[in-house]
Structures are given as structure tokens and as C-alpha cells.
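Protein chains in written order, with our numbering: chain A, 31 to 133; chain B, 6 to 388; chain C, 270 to 444.
Just so you know, even glycine gets a beta-carbon here, dropped at the ideal spot from N, CA and C.
Structure first, then comments.
As C-alpha cells, this is what we get:
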């Protein structure tokens, strides 16, 4: 008895939409960043699962996971930097209240 | 029915093996910590012309046992303002990765938890997990010194991980494997890796001192500035788990990595005849490095936080990058011989050590100029 | 009797860990707890990678997500002070709309994903050398681009958060 591929993909989908809901629902910018990380990670799981099942021997699918890691790291670094510099101007982290750029 | 080792059913043998392995690792960690604390006290005492512990047992050998008993029997104190679950979880978050990393340490030819093909990557991974526990400990303590200690520690550990991993990469480039067993096997005979790659060894050892919070990089728990850093609010066995067990366990793991990668691991005279002799050689080599770390601790003063960071980002990381560039180029240019790599690496060591005084003198000049410039208006105002 | 029953059990535990951790990130109002549970999700995810036979990726996952990203986010949480407020204020005003929208998309996708009924992925045998070969041959150029991206992110983060000259800042504080 082994775990079918569908189960991995289902977990990936559920986590992706949890992250999606979090991005839409939460106010705090840091939490939104965390939810984006969850979505990226869910995509990773799907990539690895499909790559292990259908991929050729040279792991092409998994390579994209490495790139997703890179993008996640860059995204969180720049995202936090933006949040912190916005926070320094006005001490709020709610995305509702960061609206200085609104016309 | 399949039969495992010792004629035991594999279904029973697998959990049994797990229990034996975890028990053995715990035993080694606990006793290693006791022994290392004793050694640390005695060696520092000898270097500083003191006696060290001598009351309990012959030569004070039982002093650390007495201390451990005291820690265990202490009341479990938790300040009211601390952050419940986090406060309890932090020691486990620091301790578990350390314990898990003992799985891949090769004590002798066949005495190893498992021969992971990514052993070295696994060790660095677990090393990086410690940071999380330390940040959580600093945050949960609800104490500004603990928080500062935790943040400092996180910055330090994340920064020093980079030269550490970069130094490991050059060894992996030359050896061609991440498995601890293969790396040990590749250095048969007297030609150990440190003769070929002394420069990454130097970088790794310095970075490892910082990674394990040893002097001169023990800023997170700098007693004179931060009380006890992130450990301030902890006492009793929680403190014991975090500081004594985890710190000394990490020191052992780091020294085991150094031994395996650069000094031939379990290999030594007479190992081929009696494989069990490998454990002795491995332990001796590991403890030699632990003693060197203690010697450094007794000798050097502590750095300041900005010195620590600038040494990492402006000194160690560029050096490690140059090292990778040189090693990779030479490994590509001369695939059959390691002699050019060895020569280049020794040259880099000489340049690095010789360059320190120059850089230091230049930095001092800049600092003096800046001090003079900023002092001048004040002096004028007074006179 | 063999160990076949272990894999589904481990998978079930990891799946519960992933989903519960993810849900906690969205639902908890304490951000530090959310960050720690996010780390837990990432660890469970690394366990799933191991189950799929991708140990190298699992190691990278822990190294990058738990060792770096979670710590970075904890830094962010600590630097942006966040006072306690009524629970309703943690969520946006469009919460019901968002929930309906996400559920409408999520439920079909989750059901659809079970249609991949093929047996378990092939057992791992170490993905290290295959991965490395791919990265450094076919994907060498994207790899270089990714490293440039990291460099740009690092410089950008330093520029965005870095204060001006420390002496300048000290002088401003004295004023």
C-alpha cells in the first residue's frame, strides 16, 4: 500500500488555497508575506510530486523547486525591507492603512 | 520470513535499532557535556594559573556530576511575563537539531547511524535550525536583554553560516561527495585533506567558533553586556539543556565535521586490522579540536558586535569566495592531480594571515581620523 | 508483514501537519505563533519531500525556509510593533467575499487533484547528482540569473532598510 500521487497534489492544492485565503483576508503585511510563502511552498510540493512521478531521470521538475527557493528568499528579503521602510515612515503594518500612494 | 541482523525479525529490529541509536546518542551527548565542562574548567584554570575544581572526587572529576544533579533538582522557575508555550518550546528547538545531527557522524568504519548521501548538507541544515530556537527563546523571555541576545545571535549565526557553507563547498568540490563516509574514505593514508585544503579549514574553523557561540564570538551571551543573553530567563534543567547540552553537543558536532572533512575521520594507524580502533582515533581527533577551542577561549578577548559582523562580511565571506574560485578553477584545469590546489591553498593561507596586520593598521588609521574629526568641535567648544 | 503501512501513516501525519500549520497562519491573531507554526508547516513539507525521495530538496527546504526565511520574518514581526486589538480587526472587510471566492476555486481543484490515481512516485535513490547535473548544464543560464536576482535582492534590502551614515543619525538624534 503506497500513497497515490493525487494525495500529494491534494495537499498541495489545499495549502495553496489556505495561503491564497490568507493573502486576501488578513490585514497585517507581515502575515500576508507569510501566506505568500505558504503558496510558494505548496507549488513546490506539486512540482516535486509530478517530477518524481512523470519526470525523466534528470530531475527537470525539481530544478524549478530550486528556483522557487531562490525567488522565495529574494521575495521575503525585499518584501520585509519594504514593510520596514514603510513602517519607519508611519508606524502601521496594516495594508488598509498604507495608502499614501492613493490618488 | 526475512531475518535481519542477529537473527531478529526486521520488524522488531528496526524500532530496536532506533531506540539503541537514540539512547547511545543521548548517552554520548550527556557524558560529552559533563566531560567537556570539566575539561573547560580545568584547562582554563591551568592557563590562568588557578587550580580549578578539586573538591568533589579525585582531581574534582565529580564536580560536573554534582552540578548536573543540582540543575536537575532545581525548581522549575518561570517568570510570570514569559510567553507560555514558546518559553518551553525553545530549549527543545535548540536541542533536537543538535541531537539529530549525530545520525551521520561516522565514528568508525561501520559505526554510523546512517550513510546519507547528503550527509554534509544534512549537518549544515540542522545547524541552521538552531537559530530558530534561539530567536524564540529571546522573544519568549519577554526581557530586553534576552531579546537583544536572541537577535544578535540570529544575526551572527545566519552571517557565519555563509562562510561555513562556502568553505565546505570547496572540500566537496575536491572530494566529489557529500557523504561523510565517502569523504573519510577519500583520505586514506597520511595525505589528509588539511594538507590539500588548509584555507577552507581555516575559514571553517573560525566560522565554527562563531557558529557554536564560543569566545571570541560569544556575543549572544556576553555576560558583561547582556546578563546572559537569550539565556537570561532560563534556569534549572531548561538552562542546562540549552546551554550545557546543546552548546557542548554542537561543539562536538562541529569538531567531528572538522575531523571528518580535513583530518581523515576514523582513519589512523592499525584501523585496518582492528576496525574498532577507529572509534578511538575519531574520539581523539575530535577532542583535540575541542581542546583547541578551549585554548582559544582562555586566550582571546571578546569582539564587539560590529567588529564581528564586519569581520564576517568583509573578511571571511570574500576570502571564502576567492577560495571557491581558485579551487574550482584548478580542479577543472588539473583534473588528475591535487598538487596545484594544495599549493594555491597554502599560498592563500599565507596571504590571509599576512594580510590581517595590514588591514588592521588601515582600519585603525581610519578610526583615529574619524575620532579626531568628531572630537574637534567639542574640543573647540571647551577651549 | 512488512513496513508498507508506515508510508501512508507518515504521509497522513505530515499532511495534517502541513494543513493545520497553514490554517493556523491564517487564523491565529498572534503573529509570533503564526510564524512558528509556519516553520512547522515548512518542516512537515520537508518530510513530504523526503517521502517523495527528494532528500536534497528537503535539506534545502529546511535550510532556506526554516533557517532563513522564518527567522527573517520573526525579525520583521519584532521590528513592527503590533498592539493587541479586537479579533475582528485582524481580518479585512472583504472576508466573506474572499472566503466564498477561494472556496469556489479551491474545492473543485482539490477534488480534481485526486484524479491523479497513479501509484506512488518512484522510490528515491538520492536526487543529488541528477539535480546538480540539471542545474549546472541545462539550467546554467537560469541559475546565473537567479544568483543575480539574489544579489539584487540583497542590495535592494540593504538600500531600503539601511539608515544613512551612523554619525549623521547620531547627530540628528542629539538635535
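Bounding residues of the alpha helix (DSSP H) (the contiguous stretch that carries residue i)
i	result
residue 276 of chain C	275 to 296
residue 115 of chain A	90 to 119
residue 99 of chain B	89 to 105
residue 168 of chain B	149 to 180
residue 84 of chain A	59 to 84
residue 332 of chain B	322 to 338
residue 77 of chain B	68 to 78
residue 311 of chain B	310 to 315
residue 403 of chain B	Residue 403 of chain B lies beyond the range of chain B shown here (6 to 388); nothing can be said about it.
residue 241 of chain B	241 to 244
residue 65 of chain B	Taken as a continuous stretch (DSSP letters only), residue 65 of chain B belongs to no alpha helix (DSSP H), as it is neither H nor E.
residue 413 of chain C	409 to 430
residue 145 of chain B	124 to 145
residue 300 of chain C	300 to 320
residue 330 of chain C	324 to 330
residue 347 of chain C	339 to 348
residue 205 of chain B	203 to 216
residue 264 of chain B	253 to 267
residue 113 of chain B	That residue, residue 113 of chain B, is in no alpha helix (DSSP H); it is neither H nor E in DSSP.
Residue of the options minimising C-alpha distance to residue i
i	options	result
residue 173 of chain B	B/262, B/250, B/162	B/262
residue 91 of chain B	B/127, B/147, B/82, B/17	B/147
residue 37 of chain B	B/121, B/71, B/251	B/251
residue 66 of chain B	B/295, B/325, B/190, B/40	B/40
residue 257 of chain B	B/214, B/272, B/235	B/214
residue 85 of chain B	B/239, B/116, B/79	B/239
residue 46 of chain B	B/296, B/283, B/373	B/296
residue 52 of chain B	B/302, B/330, B/308, B/59	B/302
residue 289 of chain C	C/299, C/298, C/307	C/307
residue 48 of chain A	C/379, C/428, C/422, C/407	C/379
residue 397 of chain C	B/34, B/138, B/134, B/126	B/126
residue 342 of chain C	A/129, A/35, A/59	A/59
residue 193 of chain B	B/325, B/277, B/21	B/277
residue 111 of chain B	B/285, B/101, B/368, B/199	B/285
residue 280 of chain B	B/268, B/113, B/76	B/113
residue 312 of chain B	B/83, B/343, B/365	B/365
Residue i: contacting residues in chain C (beta-carbon distance under 7 Å)
i	result
residue 140 of chain B	340, 343
residue 129 of chain B	332
Contacts that residue i makes with chain B (C-beta to C-beta distance below 8 Å)
i	result
residue 347 of chain C	144, 152, 156
Residues near residue i in its chain [Cβ-Cβ closer than 8 Å; skip 5 each side]
i	result
residue 278 of chain C	none
residue 237 of chain B	146, 148, 150, 151, 154, 231
residue 108 of chain A	none
residue 328 of chain B	171, 172, 175, 204, 205, 208, 350, 353
residue 392 of chain C	With a pLDDT of 49 at residue 392 of chain C, under the threshold of 50, the predicted position of this residue should be treated as unreliable, though the coordinate-derived value follows. Result list for residue 392 of chain C: 322, in chain order.
Chain-ordered neighbours of residue i on chain A, where CB pairs are closer than 8 Å
i	result
residue 418 of chain C	100, 101, 104
residue 312 of chain C	Within chain A, no residue comes near residue 312 of chain C; the closest Cβ sits about 11 Å away, beyond 8 Å.
residue 426 of chain C	107, 108, 110, 111
residue 337 of chain C	103
residue 303 of chain C	61, 64
Chain-order list of residues whose beta-carbon lies under 7 Å from that of residue i (same chain, five-residue window excluded)
i	result
residue 163 of chain B	136
residue 184 of chain B	120, 121, 122, 124
residue 270 of chain C	Reliability of the predicted coordinates at residue 270 of chain C is poor, the pLDDT of 48 falling under 50, and no value is obtained from them.
residue 294 of chain B	260, 263, 264
residue 404 of chain C	412
residue 178 of chain B	332, 333, 336
residue 102 of chain A	67, 70
residue 69 of chain B	39, 42, 43
residue 31 of chain A	In this prediction, residue 31 of chain A has a pLDDT of 49, which is less than 50 and means its spatial position is unreliable; nothing more can be read from the coordinates.
residue 303 of chain C	293, 294, 297
Residues near residue i in its chain [Cβ-Cβ closer than 6 Å; skip 5 each side]
i	result
residue 283 of chain C	313, 316, 317
residue 19 of chain B	none
residue 74 of chain A	95, 98
residue 159 of chain B	136, 140
residue 96 of chain B	243, 246, 247
residue 470 of chain B	Nothing can be reported for residue 470 of chain B, as the shown portion of chain B is limited to 6 through 388.
residue 127 of chain A	none
Amino acids of chain A, ordered along the chain, whose beta-carbon sits closer than 7 Å to that of residue i
i	result
residue 326 of chain C	78, 92, 95
residue 291 of chain C	45, 48, 49, 68
Cross-chain neighbours of residue i in chain C, by beta carbon under 8 Å
i	result
residue 73 of chain A	Residues of chain C passing the Cβ test: none, with the nearest at roughly 11 Å.
residue 110 of chain B	Neighbours of residue 110 of chain B on chain C: none; closest Cβ ~16 Å, over 8 Å.
residue 136 of chain B	336, 340
residue 390 of chain B	Past the edges of chain B, shown from 6 to 388, lies residue 390 of chain B, and the structure says nothing about it.
Contact set between residue i and chain B, taken where Cβ atoms lie within less than 7 Å
i	result
residue 282 of chain C	Ordered by position in chain B, no residue passes the 7 Å Cβ test against residue 282 of chain C, which lies about 16 Å from the chain.
Within chain A, the residues that residue i reaches when beta carbons sit closer than 9 Å
i	result
residue 374 of chain C	47, 50
Residues within the segment 96 to 123 of chain B neighbouring chain D, beta-carbon criterion of under 8 Å: Protein chains A, B and C are contained in the structure displayed, whereas chain D is not.
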